[in-house]
Structures are given as structure tokens and as C-alpha cells.
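This report concerns only the one structure given below.
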């Protein structure tokens with residue numbers, strides 16, 4: 005299609021191709037985003053380019069917990085108001101953010117950086133499991149495995165629990181059950197079964 | 005939420021906020037995109053930042069037709085193989101790209117830059133209508149109004165057709181009808197009515 009369309013201008017074509025590789029975007033939405041950016045150069049495109057450069061320069065992984073922040077150790081690891089005796093283990097930073105948004109946890113975190121997956125060739129050495137075991141020193145009394153309730157997530161949780169055995173820490177997992185606001189009609193059998201089994205007396 | 009989550013690192017927070025302003029993205033997908041970018045720094049984030057900088061520097065509107073390209077006049081206006089007697093008028097660059105992809109048109113284009121909208125306060129002087137009228141010189145014999153089949157698009161088409169009256173050019177519009185591959189059952193009444201009215205004998 006030389007001579008017309010987005011393919012004609014190399015710079016625009018390249019921008020669209022790269023945008024299309026972002027999660028949730030395809031060729032069509034990438035074109036839409038590129039056009040929107042070029043329509044809002046001053047108000048959005050320039051600030052976004054600056055923000056990407058700043059993030060590339062300043063954002064790093066916390067060497068202790070694996071969270072992303074502009075400082076290392078991260079703000080969560082530095083915060084003196086948090087509970088040093090509990091470590092919540094998550095697969096990714098997005099999970100950490102989700103738990104922080106809930107406001108239900110005030111301990112420390114440990115980001116594994118994924119889950120074990122034979123299919124994708126991800127073994128224990130590819131995750132931050134050794135670093136977690138190293139953190140099992142004096143103040144830590146409990147490790148909460150907040151991994152995804154998927155097969156891979158639960159396999160990983162099982163493996164991590166094994167590695168933490170005989171380290172003098174209690175290992176717990178998130179409860180299964182009916183999501184708050186969830187309709188029973190839309191729940192899978194496994195969740196319903198778990199919710200029934202873990203039923204509580206009023 | 006100071007002290008935790010994406011809000012803790014200013015650079016990351018700002019990146020997410022700006023990503024969330026892209027069309028089709030919300031706070032949740034913006035967080036996902038930001039994390040994906042930081043996971044693929046070398047392979048995607050840096051090239052994307054470079055592509056944005058290059059597009060900001062190099063991509064401009066064609067002064068003649070309003071298309072986006074790295075050269076002005078754009079590749080479509082320069083192409084000596086295209087038909088100078090027909091000008092296809094579209095609302096936006098995305099429409100121009102769609103028509104180019106179809107391969108069904110080999111004339112010149114004119115991008116209006118939107119449609120008339122009393123609600124949004126967009127009048128004729130906000131669109132490239134005067135520039136279109138100025139292009140109605142010697143070789144142009146036909147103007148195809150390829151505007152959206154929306155109320156605003158058709159209002160705009162009507163207005164543009166009025167402005168082009170007595171300029172010695174034929175003004176035509178895209179045909180209405182059943183989309184190729186479309187199922188009658190899913191079509192609105194207006195389209196069905198238009199397709200029936202414009203029916204053709206085999």
C-alpha cells in the first residue's frame with residue numbers, strides 16, 4: 005500500500021505498529037490511538053512521551069520486594085508504619101496494587117514475578133523464590149500466599165509453601181468463596197463447592 | 005494511598021494517568037499497559053518512546069488535503085499516478101485510510117477534520133471547507149462526499165454540497181445499502197429501506 009494510508013509515512017506506520025503490540029490493543033485501536041495522539045500533541049502526546057522517558061529513567065524494581073517504584077527499597081519497604089512480621093507473596097506488581105487498593109493489608113510484600121509454568125518453561129529459578137526464602141529471618145512470622153486461584157498459581161503456591169517449610173513461619177492462603185456482590189448463578193462449580201465447604205456459622 | 009501502589013512512585017503514577025486518557029483505555033487497562041511497558045523496556049517501551057518522539061517531530065498535516073504524513077504535500081497528493089479529476093471528501097484521516105485500504109479509489113482526498121456539530125460548537129469555519137472550495141479549479145470534475153452516514157455527517161455533506169454548487173463540479177455521495185457480508189436480520193430499518201429503494205435489476 006505504498007503511496008497511501010498510514011503505511012506511507014514511516015514514522016506514523018512505526019508508531020501504529022508498536023502501539024498495536026500493547027496489551028488490549030489491535031491494529032484498529034492502534035490506528036485510533038495514533039490519530040488521537042497526533043490530534044492532541046500538546047495536551048497528551050508530549051506529556052505522555054515525557055512520562056515514558058521519565059518512567060524509563062526513574063522506575064526500577066525494588067531489590068527487596070520486587071515492587072516498582074522510583075526509589076529502592078520502595079516506599080512500601082521503607083514505610084516504618086507497616087507490619088514487619090507478615091509478608092504477602094504475589095505473582096505480579098498488579099496484584100500488589102490490587103491488595104493495596106483494598107486497604108486490607110498493612111504488612112510487607114514479596115513479588116515473585118510470575119508463576120511456575122511447565123508450558124512456558126518457567127521454573128523456580130526464574131521467579132524470586134530464593135529471595136523470598138532469604139527474607140525468612142527474625143521478625144517474619146507469617147507468609148500469606150496471595151497467588152492467583154489458577155492451576156499455575158496454585159501449583160506455585162504449593163511449591164513456595166514447600167520451600168518455606170521448617171523455616172519457622174506460618175504459611176497461609178487467601179480464602180476461596182463467593183465474591184462480595186457476586187451472584188451464585190454466575191459462579192463456577194469449584195467456587196461454589198469451596199464456599200459451601202468453608203461455610204461459617206452465624 | 006500514599007506509601008503504596010502505583011500512586012507511590014510519581015513517574016509511574018503519571019504514566020498511568022496519561023495512558024488512561026487514550027481512547028479505549030481506562031484506569032485498569034492503563035495500569036496493565038504501564039506494567040507491560042516496564043516489563044518490555046528494551047523490546048517495546050524504548051522503541052515506542054522513540055517512535056512517539058519521531059512522530060512528534062516528523063508527522064504533519066498535508067497543507068493541501070489534510071492527510072498526515074512525514075512530507076508536505078503528502079505522498080497521496082504527490083503521487084503522479086492518481087486521478088486529479090476526482091476529490092474524495094472525508095471527515096478524518098482514519099476514513100481516508102479505510103478508503104485507501106479498500107483500494108477502490110485512485111483520485112485525490114480532502115480531509116475536513118471533523119463534522120459540523122451544533123452541540124460541540126463546531127461550525128463551517130472550524131472545518132477545512134473553505135480550503136476545499138479553493139481546490140475546485142481546472143482539473144477537478146467530481147467531488148465524492150464520503151462522510152459518515154450519521155446525522156452530523158449527513159448535515160455536513162449537505163452543507164458542503166451547497167458550498168460546491170455552481171462551481172462546475174459534480175457532487176456525489178457514497179451509496180447506502182446492505183454491507184457486503186452483512187445479515188439482513190441484524191440491519192437497522194433505515195439501511196434496509198435505503199437498500200430496497202436503491203435496488204438494482206439483475
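Chains as they are written, first to last, in the numbering used here: chain V, 5 to 206; chain X, 5 to 206.
From the three backbone atoms N, C-alpha and C, an ideal C-beta is built for every residue, glycine too.
Around the C-beta of residue 154 of chain V, fewer than 16 other C-beta atoms lie within 10 Å, and the residue is accordingly described as exposed.
The three-state secondary structure of residue 157 of chain X, taken from DSSP, is helix. The contact set of residue 74 of chain X on chain V, defined by CB atoms closer than 8 Å, consists of 13, 14, 15 and 16 in chain order.
Proximity to residue 36 of chain X across V:202, V:183, V:102 and V:124 peaks at V:102, based on C-alpha coordinates. Judged by their CB atoms, residue 23 of chain V and residue 34 of chain V are nearer to each other than the 8 Å cut-off. Contact between residue 158 of chain V and residue 168 of chain V does not hold, since the beta-carbon distance rounds to 15 Å and is not under 8 Å.
Judged by DSSP secondary structure, residue 141 of chain V falls outside any alpha helix (DSSP H); it is assigned neither H nor E. The beta carbon of residue 86 of chain V sits closer than 8 Å to the beta carbons of 80, 110, 111 and 112 from its chain, once the five residues preceding and following it are set aside; these are given in chain order. Closest by C-alpha distance to residue 178 of chain V, out of V:189, V:201, V:149 and V:203, is V:149. Cβ contact annotation for residue 21 of chain V (same chain, cutoff 8 Å, sequence separation greater than five): 34, in chain order.
Taking the beta carbon of residue 62 of chain X as reference, the chain V residues within 9 Å of it are 13, 14, 15 and 16, listed in sequence order. Here the alpha carbons of residue 19 of chain V and residue 52 of chain X stand approximately 7 Å from one another. In the three-state reduction of the DSSP assignment, residue 164 of chain X falls in the helix class. Put simply, of V:201, V:171 and V:161 the residue whose alpha carbon is nearest the alpha carbon of residue 180 of chain V is V:201. At a cut-off of 8 Å between C-beta atoms, residue 42 of chain X counts as an interface residue with respect to chain V. Rounded to the nearest whole angstrom, the C-alpha separation of residue 68 of chain X and residue 139 of chain X is 8 Å. Against chain X, the beta carbon of residue 84 of chain V has no neighbour under 7 Å; the closest one sits roughly 10 Å away.
The beta carbon of residue 156 of chain V is closer than 7 Å to those of 119, 120 and 121 in its chain, skipping five residues each way along the sequence. A direct Cα-Cα distance of roughly 14 Å separates residue 124 of chain X from residue 160 of chain X. Within 9 Å of the CB of residue 37 of chain V, the CB atoms of chain X belong to 26, 27, 28 and 29, in sequence order along the chain.
A distance of 8 Å or more separates the beta carbons of residue 115 of chain V and residue 91 of chain V. Against residue 51 of chain X, the close residues of chain V are 18 and 22, in the order they occur along the chain (beta-carbon pairs closer than 9 Å). Taking residue 186 of chain X as reference, the option from X:135, X:199 and X:61 with the minimal CA-CA separation is X:199.
In the structure shown, residue 192 of chain X adopts coil according to DSSP, grouped into three states. Within the region 148–170 of chain X, contact with chain V at the beta-carbon level (separation under 8 Å) is assigned to no residue.
Contact between residue 194 of chain V and residue 117 of chain V is absent: CB atoms are separated by about 27 Å, not below the 8 Å threshold. Per DSSP, residue 114 of chain X is not a residue of any alpha helix (DSSP H); the beta strand (DSSP E) it occupies stretches across 111–115. Counting only residues of its own chain and dropping the five nearest sequence neighbours on each side, residue 82 of chain X has a CB closer than 8 Å to the CB of 75. Taking a Cβ-Cβ threshold of 8 Å, the residues of chain X close to residue 58 of chain V are 15, 18 and 19, in chain order.
Residue pairing for residue 147 of chain V: DSSP places it in a beta bridge opposite V:91 and V:175. Residues of the region 91–102 of chain X whose Cβ lies closer than 8 Å to any Cβ of chain V, in chain order: 96, 97, 98, 100 and 101. In this structure, DSSP gives residue 76 of chain X a state outside helix and strand, which the three-state scheme calls coil. For residue 204 of chain X, no CB of chain V lies under 8 Å from its own CB, so it is not counted at the interface with that chain.
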